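Engineer:
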Amino acid sequence: MNLSAIAIRRPVFTVMMTVALLVLGWVGFRTLGTDLFPDVTFPVVAVTIPYPGASPSEVETLVTKPIEDSVVGLNQIDRLRSFSREGVSQTLIIFKLGKDISEGATEVREKVAAARWKLPQEIREPTINRWDVSATPIQIFTLSSKTSLSAARKYAEDVIKPALEQVEGVAVVEVKGGATREIRVELDRAKIEALKLDPSGIVMRLRMANLNVPAGHYDEGTKEVSVRTIGDFANVEQIRDTIVATAMDGSAVRLRDVAKVDDGFADRTVLIRSNGEETVSFEILKQSGKNTIEIADAVKARLAGLEKGLPSELTIAEIFDQSRFIKENVHEVEVAIIFGGAMAILIILLFMLDLRSTMISAVALPTSVIGTFFFMYLLGYTLNMMTLLGLSLAIGLLIDDAVVVRENIFKHLERGKPPAQAALDGTKEIALSVLATTLTIVAVFLPVAFVKGIVGQFFRQFGITISVATVLSLFVAFTLDPMLSSRFSATVHHDPTQERFYQLKRPFLWFFEGMETVYRGMLHWAVHHKLVVGVLAIGSLFFMGFLAKLTGSEFMSSEDRGQFITELELAAGTSLDETSKASARAEELFRKNGEVRTVFATIEGNKVKWRVITTTKEQRPGITIAMLKEEARKAAASVAGAEVTLADPAFIEGAATEAPIMIDVRGATYDDVLPTAKGIAAILVRTPGVQDVRVKFSPGRPELQVQIDRQRAAELGVGVAQIAMALRTAMEGDESGKLRVAATAVSRSEEVPIKVRLAKGDRDTEAALRALTLMTPRGPVKLVDVAKFTRGEGPQVIEREDRSRQIQVWATPKNRALGDIVNDIKPQIAALKLRPGVTIMYDGQIKMMGETNENLGLALMLGVVFIYIVLASQFESFIHPLTIMLTLPLALVGAIVALFMSGNTMAMGAMIGIILLMGLVTKNAILLIDRAIVRVRDLGEPPLQAILEAGPERLRPILMTSAAMVLGMLPTALGRGEGSEFRAPMAIAVIGGVVSSTLLSLLVVPAFYVAIENLKGFVRRLRGLPPASRRAPIGVPAE
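Each residue of the sequence shown is one higher than the one before, counting from 2 in my numbering.
#1: Return helix, strand or coil for ILE7, following the three-state DSSP convention.
#2: I need the straight-line Cα distance from LEU351 to MET360, nearest angstrom please.
#3: Roughly how many whole angstroms lie between the Cα atoms of LEU675 and ASN854?
#4: Is LYS783 buried or exposed, if buried means 16 or more other CB atoms sit within 10 Å of its CB?
#5: Tell me, please, which residues DSSP counts as bridged to SER145.
#6: Of all the options GLY535, GLU319 and PHE446, which has the alpha carbon lying nearest to the alpha carbon of SER1002?
#7: So, under 8 Å CB-CB, GLU183 and ALA267 are touching, yes? Tell me the CB distance rounded to an integer number of Å.
#8: Between which two residues does the alpha helix (DSSP H) harbouring THR962 extend?
#9: Who are the Cβ neighbours of GLU560 in its own chain at under 7 Å, not counting the five residues just before and after it?
#10: Are the CB atoms of LEU272 and LEU577 nearer to each other than 8 Å?
#11: Please report the straight-line C-alpha distance between PRO448 and LEU863, rounded to a whole angstrom.
#12: If you draw a straight line from the C-alpha of VAL72 to the C-alpha of VAL186, how long is it?
#13: Of the choices VAL435, ILE348 and PRO420, whose alpha-carbon is the least far from that of GLY397?
#14: For the region 988-1005 against the region 434-449, do three or more pairs of beta-carbon atoms, one drawn from each stretch, fall closer than 8 Å, so that the two count as touching?
#15: Have a look at the DSSP bridge pairing and note the partners of ILE184.
#16: DSSP state of ALA299, grouped into three classes?
#17: How many Å lie between VAL691 and GLN829 at the Cα?
#18: Does the contact criterion of 3 or more C-beta pairs under 8 Å hold for the region 953-964 versus the region 400-418?
#19: Can you give the Cα-Cα distance for ARG938 and GLY522, rounded to whole angstroms?
#20: Could you tell me which residues DSSP pairs with LEU272 in its beta bridges?
#21: What separation, rounded to the nearest whole angstrom, lies between the Cα atoms of ALA297 and THR603?
#22: Taking only runs that begin and end inside the region 322-403, name each unbroken alpha helix (DSSP H) of 4 or more residues, in chain order.
#23: What are the uninterrupted segments assigned as alpha helix (DSSP H) that are 4 or more residues long and contained completely in the region 897-929, given in chain order?
#24: Could you give the uninterrupted runs of the alpha helix (DSSP H) lying entirely in the region 582-648, keeping only those of 4 residues or more?
#25: Go to HIS218, then tell me how far its beta strand (DSSP E) extends in each direction, as first and last residue.
#26: Answer yes or no: do ALA714 and VAL707 have a C-beta to C-beta separation smaller than 8 Å?
#27: Please classify ALA638: is it buried, with 16 or more other beta-carbons within 10 angstroms of its beta-carbon, or exposed?
#28: Given 8 Å as the limit, is there contact between the region 929-947 and the region 891-906, that is, 3 or more CB pairs closer than that?
#29: How far does the alpha helix (DSSP H) with ARG1021 in it extend, from its first residue to its last?
#30: Along the beta strand (DSSP E) that carries MET663, what are the first and last residues, could you check?
#31: Tell me, which residues are paired with ALA788 by DSSP?
#32: Within 10 angstroms of the Cβ of GLY118, are there 16 or more other Cβ atoms? Answer buried if so, exposed if not.
#33: Report all residues from its chain with a CB closer than 6 Å to the CB of ILE442; omit the five preceding and five following residues, and keep chain order.
#34: Below 8 Å, how does it come out for the region 580-587 and the region 662-682: are there three or more Cβ pairs, yes or no?
#35: DSSP three-state label for THR280, please.
#36: Using a Cβ-Cβ cut-off of 8 Å, state whether ILE193 counts as contacting chain C.
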């Protein structure tokens, strides 16, 4: 007994199955998390090795290269990046997606341990961590103070940071800005040299005077008593009173006698400013895979509690909250689903002109959507942009199966059959056609298993969600709809004038009759002018190809999130104070724009990063985010000599690229790489639609290089390490220990670093450094006697990729599609003459766009193959599926035209929409060709007559289902809320494709069907075979 028969015979069982599905779906919905996109985990392991005192070049040669050589042989490595900075090496091992990060970290740890003997003895212990590139801030707050920023910083570290890090899902709270406490010991060089001391000697004496040492234990009866020597500093006075030497007269020399000891603050390396006011910030980073909205809400709830006890001079302000964008985005999609569903039901009512039939068909919509939530829960999905977008685009699709089944049941009711029999026969007759149309949707998304990378992570949840919802709608169409039809259908009057509301329906009936009459005439013309129809169809494809070039392509449509990033880089060596002053002037200039809410500036060295928060799209009609970016660019350009880059916030957490256009130039040395990088920059500068061109390489800040004379140093009894460390201690300073401060009622315990170095006047000139004295067993040695001083420039950072030095060239598009720019520059870059060993690689969005096109192109091709397999299996024919699949290129025509007319490009969203389109548009042709085959088989009609009758007979359900799909997606296509830049092109492509394929397939498919049938008959006659048998194909039911 088939499924429909069981449902009709056992209505209570059918209702209970439906209720169970709804209950499970509701429970699943309530437990689903909410996020912006599917979780994309990037398996990256970072190896960080401090090498104090070493220049970037030394770090690269002695540390970075050996580490690269040791890990390069690991399995599933995608990229190997390294950064050699002054005193530290960092190597990022980026594995391919899908690699177990714990396994990868273990493998890296083993390789680094094996290579430890190759590294210098002076390095500090390597740290190997999972590098969570998805840990971008989800919230940023500021803590302002009316009195002291140092107090704000301390409160943030002592109270706010530990409280928020206890929130489930929070990875870390980063506190920036303000000042950190430090005991500053500034030595008088003349005094310590008179005592035959150097800074390193002072450091050692302070360490020896600041100790807690366990001495052991002894037995006291039945107990064991531990003995510990307490000798650490209790306060700053004890530090000042520390004896560091003995004078010639035998008196003790205390630290206060040779140094100035202050309880002050460390030199600042980062400044934070919000709307022109210096402040302290704390950023919330979430754990990978955790729910953003839940974490953000919990953080705000915890902050609300903390604010009750906040000192009156401190104020907390919110700068950025990603959860707001996610909530608004999800709300927009939910509204689109509701309105799309309502419009689809309305169009069904207008076509069917029967409230009972409409209600029976409409039941499929909430049942399928709610039931899908349960399977999303089982699969571990979240309510994110891709899953909800899949549901919103499938709204019209989910009601299709029920509509087709109900419409066919209604025809059987018109033949005078009892409701139960009409429900059974009507469903059975159309079952395989409906099954085939559903399977084509599923078939389109089967290839997602073959799609790799970020696109695969996105596309998989989108496709599987649609597939599950479609299969559920098929289940409802075969069970609940026939059961309801058998129970609640009324007798159909053969005289329509006797029906209720006839006068209301009459204008619609006249319209449908007129439409059918017009279509009969057009169809008759099309099947008798097959050549003309074919030429027009082919011509439309050529027209599509022409428009596709004008449409342009890019990786992702730019979104207006009400914020963007502006980066400024001043000349190498620019001080922090000077950088801050220059940025402050530009910030003030830009903040005069009334649409700018906040300019949150982070200043580090010679670099500045603005996070600009603007009013929302709805609050600034007519003013686009691109216009505000241009204002920011002008303001930033007012900083003399600054290089400026503007970018949108990260589209995918962890997959952010610094600029849309990134080109990597790699080679053995910078001398080999730099000319090519400059050549590429010159090409970009003269390419239309390109701005913010930057060669990401700086020769470095001015550098005083101290070259040690090894032979002379050995003769005087001083080692290279001693010289390097003495110079570093004198200038940068060395930590001699901690001052441990006990907790109080209002603050936590803390360990304040004690930093020792020469006084500023003794270390801020070349002459002062030349005169630096080193103490050796053989006596004092002047630095100038064992070293040569030369001026030069050293790179601030040496970047390497896949074991080669690398320079990146950055740029951003301006009012031009990224794909068009790439098409312009690639031939020119390929024509550049490269030095031996130099290679050029495209990175950033260019690389991602190429991978997207490749992966989705494969998915599209495989989807078409699977559609053919489904159709050939249904019709038991190798030829008829080709006729039906003519709708695929015809759909592309409409999709491209719609994208072009709406001003959208072929980005990832539009490409996903086109793949979905491939599964949708075959539905109409299946209904049409299937009916023609049935008439040929059962009524013995010739193919021409069969298609002339099948077309008008299927016209209303075809138009009805197409209109339902179009109107169901219309709210998404017309949406202008948060995130609409990504969603709308997808819906626009689908709507355009459905419209064109519907209109063209109603004429082109019948013409090709007749042409193919005529060709088959001609071939059989040539071969002397009898006419084809009218027997039913396997699997095609008789009426």
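By construction, the Cβ of each residue, glycine as well, lies at the ideal position given by its N, Cα and C atoms. What you are looking at is a predicted structure, and each value in this text was computed from that prediction instead of being measured.
Structural biologist: Result, derived from the coordinates:
#1: As a position in the sequence shown, residue 7 is number 6, starting the count at 1. ILE7: helix per DSSP, three-state reduction.
#2: Walking along the sequence shown from the start, residue 351 turns up at place 350. Walking along the sequence shown from the start, residue 360 turns up at place 359. Using only the alpha carbons, I get a separation of about 12 Å.
#3: One-based indexing of the sequence shown puts residue 675 at position 674. One-based indexing of the sequence shown puts residue 854 at position 853. Taking the straight line from one Cα to the other gives about 31 Å.
#4: Within the sequence shown, the letter at position 782 stands for residue 783. Its Cβ having fewer than 16 others within 10 Å, LYS783 is exposed.
#5: Numbered from its first residue, the sequence shown carries residue 145 at position 144. According to DSSP, SER145 bridges with THR316.
#6: If you number the sequence shown from 1, residue 1002 lands on position 1001. Nearest of GLY535, GLU319 and PHE446 to SER1002, Cα basis: GLY535.
#7: The sequence position of residue 183 within the sequence shown is 182, counting from 1. The sequence position of residue 267 within the sequence shown is 266, counting from 1. Confirmed, about 4 Å.
#8: For the purposes of this step, residue 962 is taken as residue 961 along the sequence shown, with counting starting at 1. Counting along the chain, the alpha helix (DSSP H) containing THR962 begins and ends at 944-975.
#9: Indexing the sequence shown from 1 puts residue 560 at position 559. Excluding residues within five positions, the ones whose Cβ falls inside 7 Å are ASP649, GLY980, GLU982 and PHE983.
#10: On the sequence shown, position 271 is the one that residue 272 refers to. On the sequence shown, position 576 is the one that residue 577 refers to. Yes.
#11: Looking up residue 448 in the sequence shown gives position 447. Looking up residue 863 in the sequence shown gives position 862. Their backbone Cα atoms lie some 6 Å apart in a straight line.
#12: Reading the sequence shown from its first residue, position 71 is the one you call residue 72. Reading the sequence shown from its first residue, position 185 is the one you call residue 186. One C-alpha to the other measures close to 42 Å.
#13: Residue numbering aside, residue 397 sits at position 396 when the sequence shown is read from its first letter. That would be ILE348, whose Cα lies nearest to the Cα of GLY397.
#14: no
#15: Against the sequence shown, residue 184 aligns to sequence position 183. Bridge partners of ILE184: ASP264 and ILE755.
#16: Working through the sequence shown from its first residue, we reach residue 299 at position 298. Helix.
#17: As a first step, residue 691 is located in the sequence shown; it is residue number 690 there, counting from the start. As a first step, residue 829 is located in the sequence shown; it is residue number 828 there, counting from the start. Their Cα atoms are separated by approximately 15 Å.
#18: yes
#19: For the purposes of this step, residue 938 is identified with residue 937 of the sequence shown, where counting begins at 1. For the purposes of this step, residue 522 is identified with residue 521 of the sequence shown, where counting begins at 1. Roughly 25 Å separates the two Cα atoms.
#20: Stepping through the sequence shown from its first residue, residue 272 is reached at position 271. BP columns for LEU272 point to ILE604.
#21: Position 296 of the sequence shown, counted from the start, is the residue given in the question as residue 297. Position 602 of the sequence shown, counted from the start, is the residue given in the question as residue 603. Approximately 22 Å, taken between the alpha carbons.
#22: 323-353, 356-363, 365-380 and 386-394
#23: 909-921
#24: 626-638
#25: What you label residue 218 is simply residue 217 of the sequence shown in a count that begins at 1. Per DSSP, HIS218 belongs to the beta strand (DSSP E) from 212-221.
#26: The count along the sequence shown starts at 1 and reaches residue 714 at position 713. The count along the sequence shown starts at 1 and reaches residue 707 at position 706. For ALA714 and VAL707, no; Cβs fall outside 8 Å.
#27: Residue mapping note: residue 638 aligns to position 637 of the sequence shown, counting from 1. The residue is exposed, with fewer than 16 neighbouring Cβ atoms inside 10 Å.
#28: no
#29: For this step, residue 1021 is matched to residue 1020 along the sequence shown. Unbroken alpha helix (DSSP H) run through ARG1021: 981-1023.
#30: Within the sequence shown, residue 663 is the residue found at index 662, counting from 1. Start and end: 662-668.
#31: Locating residue 788 in the sequence shown gives position 787, where the first residue counts as 1. Note: ALA788 sits in a beta bridge opposite ILE709.
#32: Position 117 of the sequence shown, counting from 1, holds the residue named residue 118. Sequence inspection shows Trp at residue 118; the Gly mentioned does not correspond to that position. Burial call: exposed.
#33: Walking along the sequence shown from the start, residue 442 turns up at place 441. Within the same chain, ILE442 has close Cβ partners THR471 and GLY920.
#34: no
#35: Along the sequence shown, one-based indexing puts residue 280 at 279. Coil, per DSSP.
#36: Among the chains of the structure shown, chain C does not appear; only one protein chain is present.
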